[in-house]
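Written below as structure tokens is the structure these notes are about.
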Amino acid sequence: MSVLKLKNTYTRSVETFQPLDPEGRRVTMYSCGPTVYSYAHIGNFRSFLMSDVLRRVLERNGYEVRHVMNITDVGHLTEDDVADAQGEDKLQKAAREMGWDPYKLARFYEHAFVEDARHLRMKNYSGGEAGEPELHPRAAGHVPEMLELIQKLIENDHAYVDDSGQVYFDIQKFPEYGKLSGKVIDDLEAGARVAVGEHKRDPRDFYLWKVDPKHLMQWDPHSDKGWDAADYERYRQLLPDGVDERIKPGFPGWHVECSAMSRAHLGSVIDIHTGGEDNIFPHHECEIAQSYGAYSTKVPGPHGAPDEGAPRHSFARYWLHGRFLLVNNKKMSKRDGTFYTVRDLLDPRGNERDELAVELEGAGFKDGKVPANVLRYALISNQYTQPMNFGVDLLKQARASVERLQIRYDKLREAVGDDTNPDADETASDKVLELVSKADEDFDAALNDNLNIPNALAVVFGAVNELNTMELGLAEAREALRLMESFDGVLDVLDRSARSGLITREQVATWLDSGTLQAKAKHLKHWAEAPDREQLWEMIEAGQLPMFEDLAPIEQMDAETIELFAAIRQNARKVKDFATADAIRDDLKRRGVQLEDTPQGFRWVLG
RNA sequence: GGUGGCGUAGCCAAGUGGUUAGGCAACGGAUUGCAAAUCCGUCACACGGGGGUUCGAAUCCCCCCGCCACCUCCA
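In the numbering used here, the protein residues as written are 655 to 1261.
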């Protein structure tokens, strides 16, 4: 079994993963989640999906992962550090523009985010985890914990309160500020863009608590004003003596939320912290400074690292950052029309992106919609340490790749059937067993090599190619199916529903010869709904086929229906009426059913 | 200006000193009534350019060119 190695931004090197848990089993992971002031875009999701792949890889390695991803719903300013007077909370700004209450806005976009996350099969939003609020903490619900941290920083002399009642982190008290990002102090001071706030002692000081009477979301640290009752209760318990009297009503700074929430839900030190590359500076740099200033959090350098055993003044041991997603090799830009939200791609027309729908239709996407699993594949298909150049071509390639995997998977499923075959006792050949176990190991090795997805995909397609050249027995098909499911445990791009079936030539022959065709037809759901079913049946008997538009909506294309039309088509083929046969196949295709002729019979796949 | 990174065949993308990565696209062939799927083959003795080190360089060193990101809100 290969060993998991990850590129740690903190040391700029690839380190062996080793959990802090003495038993080596539990892993704690915190990912910077969305700021819910608009729909998340695909760049956001590339980063979130990186964390999703990572947690799945950790699980493959046998770890028990606790993955927290926050929701930022307060405090993230438009100009965070630039000027104290001008920065406006992103949520407040969006809320003002839409004429909404900021809380309503936050919930609206949080809901949209969760929807998108589910479409893209993020594990922390599926199954039981979706219902665990502590895995998806909201910043506005953690003001008590943030004030606790702020108070701690003031007491430790790592933060100060200015004349207006705001609180700043005192950068000079943390000499290691800049270690994560590799920024040197001189660079920052030379940069004229960092304005020195009136009350700041150092241009790099960042605020922990902001005072702005116009802000709609604010909390009074000295009374219950502005508080949710339960939060206030918790605040009183955490800080019976309150906070520094000079702190005025206001709201928390952006950086402080992650330090506070990660501590609240994962403990004071954690294994892994992830985010986008832009989070490195200043966000994560600030988190490290705060957590250390308040709680002296440190973790030992892992085995094999140059600083093995020596304390790192960071509350997370591994810092992983995804590179940006680009479009046309540039950052996404609304002005250039290269800005895509997840929902834009999943349903362009439903999101007023008609031009995008047309472009996608031109690329062969039905109704201009990109299937969610194709989008997921595209967004995880290269290594997170490389920038991704997104575009319609990438989506086309992703679709082709997913389809290739899906076809192999469907065929294996058909071969295995419901697994009650009496031949189930037969054993797979060594050749297949070796292929499966080697592919699984190679897949692990690629993923464990700092999540090298391209290499992992090379293993997947290599295995698929080999399997395609083999005649598989039942037991072998079962092994191969397991392999595909193993791959998909990380990739999660397959449609695992029974979406295909086989109809043998013998079955068709029986229907055609014994008159059961008509009996079968009577069972069709849509038949009863047809305006004149006798007439329709007469048409079929006369060799005239009704168009399916006249019959059933796609939802009703079940196995029975498909079998009927496969039989009718075979009847036409027998008398060499290929025009009719092809018309049926084309019609089925329009109804979302692909019909294929194979040596054994007929194979159908729901599209 | 400072920092980091990238440039691999038509496209995407692994590979950091020595045996065909892989995918997509295109084309040819096998198979098929036609398709679909699948297989075989071709494009592919590819590595931005120029020097150098080496028995041997996509990989190491030097110089140059082009592109991108970060340093300001951003995943």
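Using N, Cα and C, we set each Cβ at its ideal position, and we do this for glycine too.
(message) With H, G and I counted as helix, E and B as strand and the rest as coil, what does DSSP make of residue 662?
(response) Indexing the first sequence from 1 puts residue 662 at position 8. Per DSSP, reduced to three states, the secondary structure at residue 662 is strand.
(message) For residue 793 and residue 1121, what's the separation of their Cα atoms in angstroms?
(response) Start at 1 with the first residue of the first sequence, and residue 793 comes out as number 139. Start at 1 with the first residue of the first sequence, and residue 1121 comes out as number 467. Rounded to the nearest angstrom, the two C-alpha atoms are 49 Å apart.
(request) Take residue 997 and list the residues in its own chain whose beta-carbon comes closer than 7 Å to its own, dropping the five residues that flank it on each side. (result) Mapped onto the first sequence, residue 997 falls at position 343. Within the same chain, and ignoring the five residues on either side of residue 997 in sequence, the residues whose Cβ sits closer than 7 Å to its Cβ are 693, 770, 1005.
(message) Measuring straight from C-alpha to C-alpha, what distance separates residue 798 and residue 889?
(response) Within the first sequence, residue 798 is the residue found at index 144, counting from 1. Within the first sequence, residue 889 is the residue found at index 235, counting from 1. Residue 798 and residue 889: Cα-Cα distance of roughly 5 Å.
(message) Restricting to runs no shorter than 4 residues, where is the alpha helix (DSSP H) found entirely within the region 1085 to 1125?
(response) 1107 to 1122, all fully within the region 1085 to 1125.
(request) Starting from the C-beta of residue 1041, find all residues in its chain whose C-beta is less than 6 Å away, skip the five residues before and the five after it, and write them out in chain order. (result) For the purposes of this step, residue 1041 is taken as residue 387 along the first sequence, with counting starting at 1. 977, 978, 980.
(request) Can you tell me which of the three DSSP states residue 1149 falls into? (result) What you label residue 1149 is simply residue 495 of the first sequence in a count that begins at 1. Residue 1149: coil per DSSP, three-state reduction.
(request) Give the straight-line distance between the Cα atoms of residue 861 and residue 791, rounded to the nearest whole angstrom. (result) Locating residue 861 in the first sequence gives position 207, where the first residue counts as 1. Locating residue 791 in the first sequence gives position 137, where the first residue counts as 1. Rounded to the nearest angstrom, the gap between the Cα atoms of residue 861 and residue 791 is 21 Å.
(message) Short of 7 Å in beta carbon distance, which residues of its chain neighbour residue 1052, apart from the five on each side in sequence? Order them along the chain.
(response) Here residue 1052 refers to the residue found at position 398 when the first sequence is read from its first residue. When the five nearest sequence neighbours on each side are left out, the beta carbons in the same chain lying within less than 7 Å of the beta carbon of residue 1052 are those of 1028, 1031, 1032, 1035, in order along the chain.
(request) Note down, in chain order, each residue of its chain lying with its Cβ closer than 7 Å to the Cβ of residue 910, except the 5 sequence neighbours on either side. (result) Reading the first sequence from its first residue, position 256 is the one you call residue 910. Answer for residue 910: 800, 803, 804, 862, 944, listed in chain order.
(request) Provide the residue span of the beta strand (DSSP E) that contains residue 667, from first to last. (result) Translated into positions along the first sequence, residue 667 becomes position 13. Start and end: 667 to 670.
(request) Compute the Euclidean distance between the alpha carbons of residue 1101 and residue 1107, then round it to the nearest angstrom. (result) Locating residue 1101 in the first sequence gives position 447, where the first residue counts as 1. Locating residue 1107 in the first sequence gives position 453, where the first residue counts as 1. C-alpha separation (whole angstroms): 6 Å.
(message) So for residue 1154, helix, strand or coil by DSSP?
(response) As a first step, residue 1154 must be located in the first sequence, where it is residue number 500. Note: residue 1154 maps to strand in three-state DSSP.
(request) Evaluate residue 1211 with the Cβ neighbour count: other Cβ atoms within 10 Å of its Cβ, from every protein chain shown; 16 or more gives buried, anything less gives exposed. (result) As a position in the first sequence, residue 1211 is number 557, starting the count at 1. Counting Cβ neighbours within 10 Å, residue 1211 comes out buried, since at least 16 surround it.
(message) Quick check on residue 682: buried or exposed, where buried means 16 or more other Cβ atoms within 10 Å of its Cβ?
(response) Locating residue 682 in the first sequence gives position 28, counting from the first residue. Result: buried.
(request) Kindly indicate which residue of 960, 728, 1151, 832 has the alpha-carbon position closest to the one of residue 871. (result) Walking along the first sequence from the start, residue 871 turns up at place 217. Ranking the options by Cα distance to residue 871, first place goes to 728.
(message) Using the three-state DSSP reduction, which class does residue 823 fall into: helix, strand or coil?
(response) Position 169 of the first sequence, counted from the first residue, corresponds to residue 823. Correct three-state label for residue 823: strand.
(request) With a cut-off of 8 Å on the beta carbons, I'd call residue 941 and residue 913 a contact; round off their distance for me. (result) Within the first sequence, the letter at position 287 stands for residue 941. Within the first sequence, the letter at position 259 stands for residue 913. Taking 8 Å as the upper bound for CB-CB distance, residue 941 and residue 913 are in contact here, some 5 Å apart.
(message) Measuring only the C-alpha atoms, how far is residue 1080 from residue 1130?
(response) One-based indexing of the first sequence puts residue 1080 at position 426. One-based indexing of the first sequence puts residue 1130 at position 476. The straight-line gap from Cα to Cα measures roughly 9 Å.
(request) Starting from residue 1270, follow the alpha helix (DSSP H) in both directions and report where the run begins and ends. (result) Summary: the structure shown does not reach residue 1270, with the chain confined to residues 655 through 1261, and so no result is reported for it.
(request) Using a threshold of 8 Å, state whether the C-beta atoms of residue 766 and residue 756 are closer than that. (result) Taking the first residue of the first sequence as 1, we reach residue 766 at position 112. Taking the first residue of the first sequence as 1, we reach residue 756 at position 102. By the CB criterion at 8 Å, residue 766 and residue 756 fall outside the cutoff.
(request) Alpha carbon to alpha carbon, how far is residue 1038 from residue 1254? Give it in angstroms, no decimals. (result) What you label residue 1254 is simply residue 600 of the first sequence in a count that begins at 1. What you label residue 1038 is simply residue 384 of the first sequence in a count that begins at 1. Each residue's Cα considered, the two are about 44 Å apart.
(request) May I ask which residues mark the beginning and end of the beta strand (DSSP E) holding residue 814? (result) Position 160 of the first sequence holds residue 814. For residue 814, the uninterrupted beta strand (DSSP E) segment begins and ends at 813 to 815.
(request) Note down, in chain order, each residue of its chain lying with its Cβ closer than 7 Å to the Cβ of residue 712, except the 5 sequence neighbours on either side. (result) The count along the first sequence starts at 1 and reaches residue 712 at position 58. Scanning its chain for C-beta atoms nearer than 7 Å, with the 5 sequence neighbours on each side dropped, one finds around residue 712 the residues 681, 719, in chain order.
(message) Using a 10 Å radius around the Cβ and a threshold of 16 neighbouring Cβ atoms, would you call residue 892 buried or exposed?
(response) Within the first sequence, the letter at position 238 stands for residue 892. That one is exposed.
(message) Rounded to the nearest angstrom, what separates residue 724 and residue 834 at their Cα positions?
(response) As a working note, residue 724 is residue 70 in the first sequence. As a working note, residue 834 is residue 180 in the first sequence. One C-alpha to the other measures close to 21 Å.
(message) Just to confirm the assignment, what range does the beta strand (DSSP E) spanning residue 793 have?
(response) The sequence position of residue 793 within the first sequence is 139, counting from 1. For residue 793, there is no enclosing beta strand (DSSP E), as DSSP marks it with neither H nor E.
(message) Are the CB atoms of residue 956 and residue 746 within a distance shorter than 8 Å?
(response) Here residue 746 corresponds to residue number 92 of the first sequence, with the count starting at 1. Here residue 956 corresponds to residue number 302 of the first sequence, with the count starting at 1. Taking 8 Å as the Cβ cut-off, residue 746 and residue 956 do not qualify as a contacting pair.
(message) Can you check which of these residues, 656, 939, 824, is closest to residue 837 by C-alpha distance?
(response) To locate residue 837, count along the first sequence from 1; it is residue 183. For the residues 656, 939, 824, the minimum Cα distance to residue 837 belongs to 939.
(message) Please state whether the Cβ-Cβ distance between residue 1046 and residue 1000 is less than 8 Å.
(response) As a position in the first sequence, residue 1046 is number 392, starting the count at 1. As a position in the first sequence, residue 1000 is number 346, starting the count at 1. Contact flag unset, no.
(request) Let me know the secondary structure DSSP gives residue 1054 once reduced to three states. (result) Locating residue 1054 in the first sequence gives position 400, where the first residue counts as 1. Taken through DSSP and simplified to helix, strand or coil, residue 1054 comes out as helix.
(request) Return the CA-CA distance between residue 736 and residue 1012, expressed in angstroms with no decimal places. (result) As a first step, residue 736 must be located in the first sequence, where it is residue number 82. As a first step, residue 1012 must be located in the first sequence, where it is residue number 358. Note that residue 736 scores a pLDDT of 37, beneath 50, so its modelled location is shaky; the value from the coordinates is reported in the next line. C-alpha of residue 736 to C-alpha of residue 1012: approximately 41 Å in a straight line.
(request) Closer than 6 Å by C-beta to residue 656: which residues in its own chain qualify, once you throw out the five before and the five after it? Chain order, please. (result) Here the question's residue 656 lines up with position 2 in the first sequence. Cβ neighbours of residue 656 beyond the five flanking positions: 1098, 1099, 1102.
(request) Kindly indicate which three-state DSSP category residue 726 falls into: helix, strand or coil? (result) As a position in the first sequence, residue 726 is number 72, starting the count at 1. Here residue 726 sits in strand by DSSP.
(message) Please report the distance separating the alpha-carbon of residue 843 from that of residue 856.
(response) On the first sequence, position 189 is the one that residue 843 refers to. On the first sequence, position 202 is the one that residue 856 refers to. Model confidence at residue 843 stands at a pLDDT of 46, short of 50, so the residue's coordinates are unreliable; what they give is reported in the following sentence. In a straight line, the C-alpha of residue 843 is about 9 Å away from that of residue 856.
(request) In the DSSP assignment, find the unbroken beta strand (DSSP E) run with residue 1248 in it and report its ends. (result) As a working note, residue 1248 is residue 594 in the first sequence. Per DSSP, residue 1248 belongs to the beta strand (DSSP E) from 1247 to 1251.
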